[in-house]
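Trainee:
Residue numbers (the working numbering), protein chains in the order written: chain L, -9 to 294; chain G, 357 to 1122.
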């Protein structure tokens, strides 16, 4: 069972291609502030925020999660996996859920759509928290030894991150990748979760997410984020290097950066207590209502 | 020397009347944010804030203090002490320093010029904090002139000759040094306040009686008091509960008059908490002005970045961690602190009204007891331990963080359940949801699948534990508390006592390629690493049992034997028997109280506090016709417990159902035979009472099949008394019941005094 069940589970639809987007809403209905937990790479679905949702809801936030296209209970188009598709999906969900403005949580690839939203839909984005952003300003992609669509010389290590291998043995990649996400000792549960949440993605769709991920415009867009930004990155991240995040942050003088020593790619899952407390502090410092917290706003509405 | 010298000192000139106002500026040159501390009228000048200035400067704020006209290093005109003049003085200082926006903190009289300023200048005032507020007598409407005159006349009345000094006009004018010393002594009613009294007295000597009096009169008559409702900025009203100068009701009035304001009450505090309780004052003010500010460090070092090695410092800015003021909405104990913690609303967010009780005023000691909801046995044992603790520590208050079905036992025993308990995510429903068809429950996997529930519940615990200022935390198999405290040892702010009746997960699934064995060993290895690295987390670790009760297994391949490792990291507390068989009284009477007759034999079937035993109860009921054919005088009473609806059970002739039975052990003790699940508490109740029983461990349940079975064997429970669900056919049940009733049992005695032993060890932490 979950720690907290959603009060709303519904579908929104992509304005680009009509893809159905499953989203869930948690927390008090009258909440003054909303946190939108963006989907990450469609290897996994919306449950990737399971360690944040109940806490944020208890703090009085409305919390929205969604399954990225290609996984979970969202649609599975053959193509349409570009950064702008995902960004438009998030906007569609915000519209459907009646969210005008929200603090965004972005994990790994989610950082790409978050950046688009923060710049191109700036009034709707209160702040962004980036966890181990998988955003590369030079190429948009992680550098690979063998081109992504060519058969690698062997199937070891990052050579598994390859379209040919995925089509042959996606299960092997999923299990291996789960190990890369959690480099901390004693992380079997987190790894098992990644494997379970990636059951619903097909090799072709996963390949499409990579093939369509080029974003040469990111270099220009990235420094234009004006909202309060928090970056969280682990020193032992085996998926996105800390150095890349240092580079990303160097273009954003107002951003906060918290480096977690010994943490891997998903500190919000592996060190949820610390991450949640940090997130809470960040959200409260950046409350547009000032010291009047979400709870009180609710009461003010109720009495009005 | 001061803790921090000002970076700039100067005098600003009020252009209206030429009065010069002395100010000081502290903190980094490039600070992006400013806090202005306004003096308490003429009574205490800028040095009043000596306990705040260095802290806020260190946080990266530009800090401005100044002396009110008539005091300290400012000019001392004979008149011109209206709120308007004071406001002009402040604006002159801000112009001189170059402040365009700031948080303003003021004490007592300062509200009379900060209040109007906040109402009129939302561009300038980002936050208003008012301490020991002394608002105008006049609120939205001016008082009738005769009331003002009467009040002033009373204030200015000449005292009787020889009367001791008081806060009256004539004394202020003629005997100011004495009045100041007397008032300082009154204001600081907290014990051991000599330094603060001397400081306040000394500061008050830096004005003269006639100026003080002029300010009292002009600040009173010149204040329309009509601005509270128009204050648009976040406003915090901070007040001492026992403030003898200005009653708490006055602060409540200000709080109610300023829309959306927050009220923090320091319980046990007098008039000047910023001097007498500076740490908590500073943290409360910091948390308040940083909320919504966007500042990670108020622009410290220009960037707000946090270097990797600064995590410990960083955590200080997380409000949830600093033991922040909790609300006082819970049940208040006699003479003790309010239990603090959370309001009745379903939220962990800070309440608009909160209290913090100063340490010296916390008379009663307070413990927070977290009792695992999995199984009812812990609850009985924990109530027994808490009872003993209260005996050992008179006045001890125990709050319980627990959920159903434990709360059922706690309520029946009159224990105090923390209201935040209802924020706990359900553990029993989760466990029940994973029950297999054949009386099977892989409890290790169930706990593992429960990670998000455990996390959500840890957050509730952490919030309650820090807000409630407890002197002790006790966790009985409260896995989330123990696990996440080891993962976040810096969050531990009270002694922690850990109780468990088993140590070590054991694999129950085979034929899965060794996966469960591997994962189980990994969990054990993590636990071992946590305990060995962070010994400071558990101040007491008590194993509810003896050396012989420990299973012979290892924690896993390459890991130590449990019976070797356990005694090195636990104290062996012995079993906690929560009732004394001798107290059960006359057996015939006991039986009669349950309606059991002398000429019949009664078998009681019970499955503890969860619904996972429903299938077993059903099967037992269905076997009854067969059983009765062999044992005609055997009556069957089935106790469904708090989570199984008796209406959902099969109707079988002769089978009686009961719902929740309080103190079930009494009924079990009155029975001739019992049929129970494999939980430790119930089986040990039966051993203690000497009642023959069959037990049915849940399949794949490592604790019931391994840890409990091992212990029962040691107490003399025969192997054939352990029945698997598969074996439990009507025929077999009838067979084993017959055997049970024929063969007299010879269980080993269950030692008494366990609760007292355990309580004594825990109470030592208090």
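Ideal placement from N, C-alpha and C gives every residue a C-beta, glycine not left out.
1) If I measure Cβ to Cβ from residue 922(G) and keep anything under 7 Å in the same chain, skipping five residues before and after, which residues do I get?
2) To the nearest angstrom, report how far apart residue 149(L) and residue 142(L) are at their CA atoms.
3) If you follow the alpha helix (DSSP H) that residue 1118(G) is in, where does it begin and where does it stop?
4) Since residue 559(G) and residue 401(G) should fall inside the 8 Å C-beta cutoff, what is the C-beta to C-beta distance between them, to a whole number of angstroms?
5) Please determine, among 933(G), 886(G), 901(G) and 876(G), the residue with the shortest C-alpha to C-alpha distance to residue 914(G).
6) May I ask you to list, following chain order, the residues of the region 150 to 163 of chain L that have a beta carbon less than 7 Å from some beta carbon of chain G?
7) Classify residue 329(G) as buried or exposed, calling it buried when 16 or more other Cβ atoms lie within 10 Å of its own Cβ.
8) Kindly list the residues whose CB is nearer than 7 Å to the CB of residue 1110(G), restricted to its own chain and excluding five residues on each side of it in sequence; keep chain order.
9) Give the single residue among 195(L), 87(L), 263(L) and 146(L) whose Cα lies nearest to the Cα of residue 25(L).
10) Nearest-angstrom Cα distance between residue 41(L) and residue 178(L)?
11) Anything in the region 777 to 801 of chain G with a Cβ closer than 8 Å to a Cβ of chain L? List those residues in chain order, please.
12) For residue 1108(G), which residues from the same chain have a beta carbon less than 7 Å from its beta carbon, with the 5 sequence-adjacent residues on both sides left out?
13) Any Cβ of chain B within less than 8 Å of the Cβ of residue 105(L)?
14) If you measure beta-carbon to beta-carbon, which residues of the region 807 to 821 of chain G are closer than 9 Å to chain L?
15) Using the beta-carbon of each residue, which ones in chain L are nearer than 8 Å to residue 804(G)?
16) Using C-beta distances below 8 Å, list every residue in its chain close to residue 375(G), excluding the 5 sequence neighbours before and after it, in chain order.
17) With distances taken between CB atoms, is the gap from residue 925(G) to residue 832(G) smaller than 8 Å?
18) Closer than 8 Å by C-beta to residue 903(G): which residues in its own chain qualify, once you throw out the five before and the five after it? Chain order, please.
19) For the 8 Å Cβ check, are there 3 or more pairs between the region 583 to 595 of chain G and the region 561 to 573 of chain G?
20) Report the three-state DSSP secondary structure of residue 879(G) (helix, strand or coil).
21) Could you say which of 1106(G), 1104(G) and 1049(G) lies nearest to residue 1098(G) if we only look at CA atoms?
22) Taking Cβ positions only, does residue 216(L) come closer than 8 Å to chain G?
23) Between residue 920(G) and chain L, is there a C-beta pair that is closer than 8 Å?
24) Does the distance between the C-beta of residue 451(G) and the nearest non-hydrogen atom of the ligand ZN fall short of 7 Å?
25) Enumerate, from N- to C-terminal direction, the unbroken alpha helix (DSSP H) stretches of 4 or more residues contained entirely within the region 527 to 570 of chain G.
26) Anything in chain G within Cβ reach of residue 53(L), meaning under 8 Å, just list it in chain order.
27) Under 8 Å Cβ-Cβ, which residues of chain G neighbour residue 263(L)?
28) Between the Cα of residue 1040(G) and the Cα atoms of 1020(G), 1054(G), 1005(G) and 427(G), which residue gives the shortest distance?
29) Given that residue 875(G) touches chain L, what residues does it touch there, using C-beta distances under 7 Å?
30) Going by the beta-carbon positions, is the gap between residue 631(G) and residue 536(G) smaller than 8 Å?
31) Going by beta carbon distance, what residues of the same chain come within less than 7 Å of residue 814(G), once the five residues before and after it are set aside?
32) Return the residue from the list 1014(G), 378(G) and 968(G) that minimises the CA-CA distance to residue 1035(G).
33) Would you say residue 61(L) faces chain G, with C-beta separation under 8 Å as the test?
34) Under three-state DSSP, which class holds residue 996(G)?
35) Taking only beta-carbon atoms, is residue 112(L) less than 8 Å away from chain G?
36) Would the region 449 to 458 of chain G count as touching the region 590 to 606 of chain G if we require 3 or more Cβ pairs under 8 Å?
Mentor: Let's see:
1) By one-based count along the second chain, residue 922(G) stands at place 566. Cβ neighbours of residue 922(G) beyond the five flanking positions: 859, 899 and 906.
2) Here residue 149(L) corresponds to residue number 159 of the first chain, with the count starting at 1. Here residue 142(L) corresponds to residue number 152 of the first chain, with the count starting at 1. The straight-line gap from Cα to Cα measures roughly 6 Å.
3) Residue numbering aside, residue 1118(G) sits at position 762 when the second chain is read from its first letter. Residue 1118(G) -> alpha helix (DSSP H) spans 1110 to 1119.
4) Mapped onto the second chain, residue 559(G) falls at position 203. Mapped onto the second chain, residue 401(G) falls at position 45. Rounded, the Cβ-Cβ distance is 6 Å, consistent with contact.
5) In the second chain, residue 914(G) corresponds to position 558, counting from 1. Of the listed residues, the one whose Cα sits closest to residue 914(G) is 876(G).
6) none
7) Lying outside 357 to 1122, the shown extent of chain G, residue 329(G) is not represented and no answer is given.
8) If you number the second chain from 1, residue 1110(G) lands on position 754. Only 929, 930, 931, 932 and 933 meet the Cβ criterion.
9) As a first step, residue 25(L) is located in the first chain; it is residue number 35 there, counting from the start. For residue 25(L), the nearest C-alpha among the options comes from 87(L).
10) By one-based count along the first chain, residue 41(L) stands at place 51. By one-based count along the first chain, residue 178(L) stands at place 188. Spanning the two alpha carbons is a distance of roughly 16 Å.
11) 779, 781, 782, 785, 786 and 789
12) Here residue 1108(G) corresponds to residue number 752 of the second chain, with the count starting at 1. Here the set comprises 933 and 936.
13) This model lacks chain B altogether, as its protein chains are L and G.
14) 807, 808, 809, 810, 811, 812, 813, 814, 815, 816, 818 and 819
15) Indexing the second chain from 1 puts residue 804(G) at position 448. In chain order: 179.
16) Position 19 of the second chain, counted from the start, is the residue given in the question as residue 375(G). For residue 375(G), where only same-chain residues beyond five positions count, the Cβ hits under 8 Å are 369, 425, 430, 431, 433, 436, 441 and 445.
17) Mapped onto the second chain, residue 925(G) falls at position 569. Mapped onto the second chain, residue 832(G) falls at position 476. Result no, Cβ atoms of residue 925(G) and residue 832(G) do not sit closer than 8 Å.
18) By one-based count along the second chain, residue 903(G) stands at place 547. Excluding positions up to five away in sequence, the list reads 919, 923 and 928.
19) no
20) As a first step, residue 879(G) is located in the second chain; it is residue number 523 there, counting from the start. The answer is helix: DSSP assigns residue 879(G) an H, G or I state.
21) What you label residue 1098(G) is simply residue 742 of the second chain in a count that begins at 1. The shortest Cα separation from residue 1098(G) among 1106(G), 1104(G) and 1049(G) belongs to 1049(G).
22) Along the first chain, read from residue 1 onward, the residue named residue 216(L) stands at position 226. No, because no Cβ of chain G sits closer than 8 Å to the Cβ of residue 216(L).
23) Start at 1 with the first residue of the second chain, and residue 920(G) comes out as number 564. It does not; no Cβ of chain L falls within 8 Å.
24) Although the ligand ZN was asked about, the structure shown includes no ligands whatsoever.
25) 532 to 543 and 550 to 560
26) For this step, residue 53(L) is matched to residue 63 along the first chain. Those do not exist, as residue 53(L) stays about 13 Å from chain G at its closest Cβ, beyond 8 Å.
27) Position 273 of the first chain, counted from the first residue, corresponds to residue 263(L). The contacting residues are 811, 814, 815, 818, 840, 843, 844 and 847.
28) As a position in the second chain, residue 1040(G) is number 684, starting the count at 1. Nearest of 1020(G), 1054(G), 1005(G) and 427(G) to residue 1040(G), Cα basis: 1020(G).
29) If you number the second chain from 1, residue 875(G) lands on position 519. Those are 178, listed as they occur along chain L.
30) Taking the first residue of the second chain as 1, we reach residue 631(G) at position 275. Taking the first residue of the second chain as 1, we reach residue 536(G) at position 180. Not in contact: residue 631(G) and residue 536(G) (Cβ atoms no closer than 8 Å).
31) Counted from its first residue, the second chain places residue 814(G) at position 458. So the qualifying residues of the chain are 836, 837 and 840.
32) The residue labelled residue 1035(G) in the question sits at position 679 within the second chain. The candidate whose alpha carbon is nearest that of residue 1035(G) is 968(G).
33) Taking the first residue of the first chain as position 1, residue 61(L) is located at position 71. So no, residue 61(L) is outside the interface.
34) Your numbering for residue 996(G) matches position 640 in the second chain. Residue 996(G) falls in the coil class under three-state DSSP.
35) Counting from one through the first chain, the residue named residue 112(L) turns up at place 122. For residue 112(L), the answer is no, since every Cβ of chain G falls outside 8 Å of its Cβ.
36) no
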